[in-house]
Structure formats: C-alpha cells, structure tokens
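Quick note, the sequences are listed as chains F and X, same order. Residue numbering for the first sequence is 465 to 489, as defined by our numbering. Residue numbering for the second sequence is 8 to 141, as defined by our numbering.
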Amino acid sequence: NVEPRSVPVFPWHSLVPFLEPSHLG
Amino acid sequence: PPSLAPAPASSNPSHFMKGAIIQLATGELKRVEDLQTHDFMRSAEVSGGLKIDSSMVVDVRASQQRPGLVSLQFTVGEQQSKVTIDVPPEHPFFVFGQGWSSCSPERTAQLYGLACHHLQVGDVCVSITLQPPP
Numbered sequence: 465n466v467e468p469r470s471v472p473v474f475p476w477h478s479l480v481p482f483l484e485p486s487h488l489g
Numbered sequence: 008p009p010s011l012a013p014a015p016a017s018s019n020p021s022h023f024m025k026g027a028i029i030q031l032a033t034g035e036l037k038r039v040e041d042l043q044t045h046d047f048m049r050s051a052e053v054s055g056g057l058k059i060d061s062s063m064v065v066d067v068r069a070s071q072q073r074p075g076l077v078s079l080q081f082t083v084g085e086q087q088s089k090v091t092i093d094v095p096p097e098h099p100f101f102v103f104g105q106g107w108s109s110c111s112p113e114r115t116a117q118l119y120g121l122a123c124h125h126l127q128v129g130d131v132c133v134s135i136t137l138q139p140p141p
C-alpha cells in the first residue's frame with residue numbers, strides 16, 4: 465500500500481504583508 | 008488577540024511556488040497563480056479582525072543593512088503611513104487589478120515558477136492589518 469502524500473495548504477493571509485499597527489502609527 | 012504573521016522577508020517561500028494550494032477564508036481552495044484581487048478582498052471580509060489595506064510603492068532601492076535584499080517603501084492606508092520592508096528581489100507582492108509582481112520577475116520565475124509583473128513605484132499592493140474594534 466502506498467500512503468497518499470499530504471498536500472500542504474497555505475492560508476491566504478500568509479501571501480501578503482501583515483503590517484503591524486505599531487508600524488502604522 | 009490574533010497572532011501577528013511574520014514579515015515577508017521571513018515567510019516560507021514555498022507559499023509562492025506555482026501550484027501551491029491556498030485556502031481562502033471562505034474555505035475555497037485555489038492555486039497561488041490563480042488568485043485574483045477579489046479573493047483577498049472577500050477573504051478579509053469574512054475572516055473578521057483583518058482589514059485589507061492599499062500599500063502604494065513609493066521607493067525601491069537596494070537595502071543598505073542587508074546586502075542582496077531590496078528595501079521597499081510603502082505608504083499604507085488612508086493615513087498614508089510610511090512603512091519600509093526589506094525583501095529578497097524575487098519576493099512577490101499582489102498588486103490590485105494586476106496580480107503578482109516582484110522586483111525581479113526573472114528570479115521569481117526561476118525560483119517559484121510564478122509569472123510576475125515588474126513591481127514599480129506607483130503600484131498599489133494588497134496588505135493586511137488588524138481591523139480596529141468597532
């Protein structure tokens with residue numbers, strides 16, 4: 465038996481810069 | 008409170024590999040190369056606590072502190088706050104209405120297989136911030 469490979473799934477918000485509020489003050 | 012995601016320079020580059028599976032906040036799965044502006048807008052709407060901001064590129068130059076990286080300066084949101092981040096030249100940003108763009112589309116294509124436009128001053132990128140409480 466061949467175990468199915470798990471495919472990584474990435475969350476959408478990991479693709480765009482997260483700017484911390486402290487940066488924006 | 009929600010945890011803060013890492014800055015782009017330290018994020019996992021495999022997110023950007025062509026064919027990478029991305030889960031939207033709606034639960035829908037898409038390949039990274041198929042994402043469109045409305046996917047980000049809709050995801051922010053339904054996720055709660057996150058807000059999409061428009062970040063306009065106002066300066067692009069070689070990083071002085073970190074050789075090999077590019078310093079990108081943005082003005083962010085309605086307040087036009089200035090933010091500078093250092094990223095590898097191949098790092099893709101999502102430009103409103105245009106799609107993935109990087110300072111070196113050639114390197115992005117080599118490393119990730121992801122087709123990119125050339126990121127330029129004046130481009131408006133998708134970024135996220137915490138939604139202020141009502």
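Ideal placement from N, C-alpha and C gives every residue a C-beta, glycine not left out.
May I ask which residues mark the beginning and end of the alpha helix (DSSP H) holding Arg49(X)? First-last of the alpha helix (DSSP H) with Arg49(X): Thr44 to Ser54.
Closest residue to Val128(X) among Val77(X), Met63(X) and Leu42(X) (Cα-Cα distance): Measuring C-alpha to C-alpha distances from Val128(X) to each of Val77(X), Met63(X) and Leu42(X) identifies Met63(X) as the nearest.
With a Cβ-Cβ cutoff of 8 Å, do Gln80(X) and Asp66(X) count as a contact? Yes. Within cutoff.
What residues from chain X crowd round Ser470(F), counting only those whose CB sits closer than 7 Å? What Ser470(F) touches in chain X: nothing, since even the nearest Cβ is about 11 Å away.
With distance defined between alpha-carbon atoms, name the residue in Leu42(X), Ile92(X) and Met24(X) nearest to Gln72(X). Per the Cα distances, Ile92(X).
Flag this pair as yes or no: are the beta carbons of Glu107(X) and Cys123(X) separated by less than 8 Å? A small correction: the amino acid at residue 107(X) is Trp; Glu does not occupy that position in the sequence shown. Yes. Within cutoff.
Only counting runs of 4 or more residues, tell me where the alpha helix (DSSP H) segments fall wholly within the segment 86-129 of chain X, in order along the chain. The segment 86-129 of chain X contains these whole alpha helix (DSSP H) runs: 112-119.
Own chain residues within Cβ distance below 8 Å of Ala51(X), not counting five before or after: Once the five neighbours on either side are set aside, the close Cβ partners of Ala51(X) are Ala32, Leu57, Lys58, Ile59 and Ile135.
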